[in-house]
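With the first letter of the sequence shown counted as 1, position 237 gets the number 234 in this note's numbering; the numbers rise by one all the way through.
By construction, the Cβ of each residue, glycine as well, lies at the ideal position given by its N, Cα and C atoms.
Every value quoted in this text rests on a predicted model; they were computed, and no experiment measured them.
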Amino acid sequence: MNGSPEWKATEAEPLPALPNTPRRQGGAGRGASIPRFLRMVGQGVVWCVQETAYWHRLFWYTSRRFLRAELLLALVGAAVFFGTIVAQDLVRDQRTMLDQSYLFFSVVMVLFAMNLIPKEREEETLEILWSQPINRNKMVVLQLLTLTLWTFLLSLLTITAFSQFMAYDEQYGFPMLLLLVTTAFAVGVITVLVSTFCRQGIATGLVTLLILGIHYFWLRQLGPIELFYNPLPLPEEVFRQSIGQSFGPKTPPTISYWANRIFVAVLVGFLLDYLFRRLRRTAEWFT
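Next comes the structure, spelled out in structure tokens:
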């Protein structure tokens, strides 16, 4: 076996020598890590610029396409709704004001989001929208964030305009706006999810308002998930505090406040997961 030509050829060929320069390799690695780090930073900057550009274009596309008559109706509706409340002297405390804001801005968010997908389907532009260089899940979330941002600006404008006529306390301003904006986003997700089962925007709006109405007027206190959570003190608590009697904390209960928003975030996560699964099956939409 040792005399075979194959063995001799293999035995005659020397093995390649391993480089014995560990210090040089370490120095080269450290030197190469700096360009690699700069390259990663550059890729991160490019990614941020691209994502910002996508969001900017989608923001103005959604705003121009879905906030024409809807935004005008929302402004007129806010003036009429809250003007009627002020004229009838129905809002005397901050808690009631938050309840009325929940009621109105949930309807506004349904009005904004109910045509987000059905309108694209009716005008045969859904496939054109899906062909854009962006993930369709991310696209729907960005559109919902756009509508939520406009709802937040409208709620801020409304509360600022009518705060001088209503019971308003600055310590409850930020909690109230945070509750409104997170609830508005959840309502938008529910509306878009319902739109995947309906063929028209009007049907989507009616079904969503029915579901939210049942939750607001009937099933509001069931379970830990409460979209229309109101931690503000009752009128009798405010009165007892004004005359010096101790009746619970003066600020909203922080633990229950954040716990409720965490439960709402979990609910939105489940709804988005199911919505994204339906987004992957475009052929089965609106059937």
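Under the three-state reduction of DSSP output, C195 falls in the coil class, being neither helix nor strand. Taking C-beta atoms under 8 Å as the contact rule, S98 and L150 fail to qualify, at a distance of about 14 Å. For E223, the three-state secondary structure derived from DSSP is coil. By the Cβ-count criterion, M106 is buried, with 16 or more other Cβ atoms from all chains shown falling within 10 Å of its own Cβ.
Going by C-alpha positions, S253 is about 23 Å away from I187.
Pairing M111 with T205 gives a Cβ-Cβ distance under 8 Å. Check the Cα spacing between L68 and each of W52, V104, L35: the tightest is with V104. Pairwise C-beta distances place the stretch 121 to 135 out of contact with the stretch 35 to 44, as fewer than three of them are shorter than 8 Å. Straight-line measurement puts the Cα of L35 at about 27 Å from the Cα of N132.
The C-beta of Y226 has 16 or more other C-beta atoms within 10 Å across all chains shown, which makes the residue buried. By a beta-carbon distance limit of 8 Å, L113 does not contact L70. Their separation comes to about 16 Å. According to the DSSP assignment, T251 belongs to the alpha helix (DSSP H) that extends over 251 to 276.
Contact between W255 and L139 is absent: CB atoms are separated by about 26 Å, not below the 8 Å threshold. DSSP places D96 inside the alpha helix (DSSP H), whose first and last residues are 91 to 110.
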